[in-house]
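Since the structure comes first, as structure tokens, the remarks are kept for the end.
Residue numbers (my numbering), protein chains in the order written: chain A, 1 to 31; chain B, 32 to 479.
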């Protein structure tokens with residue numbers, strides 16, 4: 001294809017085996 | 032049927048006034064009916080155009096501006112689908128349920144499956160040690176009504192997002208699927224898409240063909256934007272994803288679409304107006320059975336097979352959404368770069384049309400625990416445009432770019448097989464498949 005104006009390109013990997021049983025929570029409610 | 036017509040509706044949710052104390056049930060229902068009036072128009076329009084199913088957004092009926100107390104008047108007791116209930120026929124069978132009745136009638140009167148996100152409440156008492164002090168559980172809940180108005184699925188969101196303090200975590204994981212003449216469906220909500228449970232399990236263990244995905248996704252440019260991330264998930268997991276996002280430009284909430292494993296069928300991204308948007312597209316009912324089904328990718332194969340590119344320049348660190356990346360700057364109009372963090376090395380080969388003096392780019396690597404709105408492990412290789420030519424702005428939100436890339440190839444020594452590839456162009460537009468391909472050895476590369 002023609003040249004493209006790239007903002008971002010990514011390979012976004014998730015390493016599930018290292019996770020806690022539930023994604024859990026960070027700091028409570030941010031308004 | 033081999034194919035079906037899917038619809039998603041990006042809804043500009045009418046939010047309640049912020050209150051310190053709960054409103055009356057009548058006032059709550061008034062607000063919910065305003066939203067359902069809008070959803071009704073979308074359902075009718077989709078049905079007229081032949082849609083078999085329509086997905087509406089998370090929080091689409093009452094919004095998200097709540098405390099645990101103030102959301103209570105908006106909740107209803109939603110029974111398990113095993114009770115075989117058509118609320119449109121027996122509205123009082125399980126008590127006060129005007130929202131379930133209206134959604135069921137919408138599905139029944141228009142002969143279309145309706146997917147919505149509403150609030151469930153369940154009483155509990157001191158015999159249940161986990162029972163909250165106010166004597167009830169409150170769940171962020173997806174419901175599906177089939178084309179006869181029957182409640183066929185109820186899903187309590189398992190991975191709550193940190194600010195959702197108005198809801199409780201379900202005690203147990205619920206893997207919710209249901210069969211239709213146009214394939215097997217799974218369902219989950221927003222933040223669940225980062226999870227193994229239920230997101231990956233529904234696909235890999237329960238082998239669903241399509242996933243219904245109500246969401247209220249605030250975009251975090253450039254890597255956590257709804258359309259690139261959700262379309263990448265559908266592609267990498269090999270299923271259809273019907274993503275209906277809430278629309279609220281103040282919260283950067285926009286980005287809905289209908290995605291298949293081979294292509295982005297249709298998407299919508301609008302940060303200019305406060306309008307909703309209906310999208311329809313035909314999908315294969317069972318994409319795994321298609322000859323065009325994408326082959327599996329070994330995401331680390333290429334990067335582990337080459338020597339790191341040497342570089343005299345030093346790396347630098349930068350924060351992207353609370354994660355500390357290791358970056359290296361792209362100094363020339365073409366080149367090969369490697370940047371590493373812990374076990375992850377990212378390789379980039381690229382050629383720009385010209386190296387602009389007013390724009391800077393960096394190749395970044397992140398290998399670690401993300402801890403802000405939830406805790407999960409990531410390995411990310413990313414090429415990003417920096418906000419300015421000051422390298423301390425690499426990783427900060429950006430919206431436009433003028434530097435054109437003629438060629439690129441991005442890969443990483445991933446230790447996971449769950450890698451979601453995404454290409455975002457200037458204006459947060461999704462990079463169309465004709466510009467890039469994913470090679471089986473794990474490269475995201477420009478099409479020669």
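Think of the CB as a built atom: it goes at the ideal place given N, C-alpha and C, for glycine as much as any other residue.
When DSSP states are grouped into helix, strand and coil, residue 478 of chain B belongs to the coil group. Among the residues of chain A, those whose CB is under 9 angstroms from the CB of residue 450 of chain B are 11, 12, 13 and 14, following chain order. Between residue 289 of chain B and residue 39 of chain B a beta carbon distance of about 6 angstroms is seen, short of the 8 angstroms cut, so the two are scored as contacting.
Under the three-state reduction of DSSP, residue 109 of chain B is assigned to coil, being neither helix nor strand. Inter-residue distance for residue 311 of chain B and residue 465 of chain B is about 22 angstroms (C-alpha atoms, whole angstroms). Scanning its chain for C-beta atoms nearer than 8 angstroms, with the 5 sequence neighbours on each side dropped, one finds around residue 234 of chain B the residues 217, 242, 268, 269 and 270, in chain order.
For residue 131 of chain B, the enclosing alpha helix (DSSP H) begins and ends at 129 to 141. Using beta-carbon distances, residue 417 of chain B does not count as an interface residue toward chain A, since no partner is under 8 angstroms. Excluding residues up to 5 positions away in sequence, 286, 288, 298, 300 and 461 lie with their Cβ nearer than 6 angstroms to the Cβ of residue 258 of chain B in the same chain. Contact annotation: the stretch 347 to 363 of chain B touches the stretch 395 to 410 of chain B, with at least three C-beta pairs closer than 8 angstroms. When the Cα atoms are used, residue 387 of chain B and residue 434 of chain B turn out to be separated by approximately 7 angstroms. Bridge pairing for residue 277 of chain B: B:42 [DSSP]. Contact between the stretch 178 to 196 of chain B and the stretch 113 to 124 of chain B is present: three or more C-beta pairs spanning the two stretches fall below 8 angstroms. If the five residues before and after residue 344 of chain B are omitted, its C-beta is found closer than 6 angstroms to no C-beta atom of its own chain.
Under the criterion of beta carbons closer than 8 angstroms, residue 349 of chain B and residue 358 of chain B qualify as touching, at roughly 5 angstroms. For residue 55 of chain B, the closest C-alpha among the options B:92, B:104, B:279 and B:64 is that of B:104. DSSP, read as helix, strand or coil, puts residue 63 of chain B in helix. If you look at residue 252 of chain B, you'll find it isn't in any beta strand (DSSP E); DSSP assigns it neither H nor E. For the stretch 424 to 436 of chain B, the set of residues with a beta-carbon nearer than 9 angstroms to any beta-carbon of chain A comprises 429, 430, 431, 432, 433, 434, 435 and 436, in chain order.
Minimum Cα-Cα distance from residue 275 of chain B among the listed residues B:37, B:41, B:34 and B:35 corresponds to B:41. For residue 376 of chain B, no CB of chain A lies under 8 angstroms from its own CB, so it is not counted at the interface with that chain.
Note on geometry: alpha-carbon atoms of residue 439 of chain B and residue 458 of chain B lie some 20 angstroms from one another. When 7 angstroms is used as the limit between beta carbons, residue 253 of chain B is near these residues of chain A: 7 and 8, in chain order.
With the criterion set as a beta carbon lying under 8 angstroms from some beta carbon of chain A, the members of the stretch 261 to 276 of chain B are 263, in sequence order. Beta-bridge annotation (DSSP): residue 225 of chain B is not paired with any residue. Listed along chain A, the residues sitting closer than 8 angstroms to residue 411 of chain B by beta-carbon distance are 10, 11, 12 and 13. Excluding sequence positions up to five before and after residue 90 of chain B, its CB lies within less than 7 angstroms of the CB of 44, 148, 247 and 277, all in the same chain and listed in chain order. Look at residue 190 of chain B: its C-beta is under 8 angstroms from a C-beta on chain A.
Boundaries of the alpha helix (DSSP H) harbouring residue 233 of chain B: 232 to 235, taken from the DSSP string.
Residue burial annotation: residue 127 of chain B is exposed, with fewer than 16 other C-beta atoms found within 10 angstroms of its C-beta. A direct Cα-to-Cα measurement between residue 342 of chain B and residue 260 of chain B gives close to 31 angstroms. In the three-state DSSP reduction, residue 76 of chain B falls in the helix class (H, G or I). Shortest Cα-Cα distance from residue 347 of chain B to any of B:280, B:426 and B:319 involves B:426.
Nearest to residue 382 of chain B by C-alpha distance, out of B:411, B:420, B:224 and B:441, is B:441. Pairing residue 134 of chain B with residue 144 of chain B, the inter-Cα distance amounts to about 10 angstroms.
A Cβ-Cβ contact shorter than 8 angstroms links residue 130 of chain B with residue 92 of chain B.
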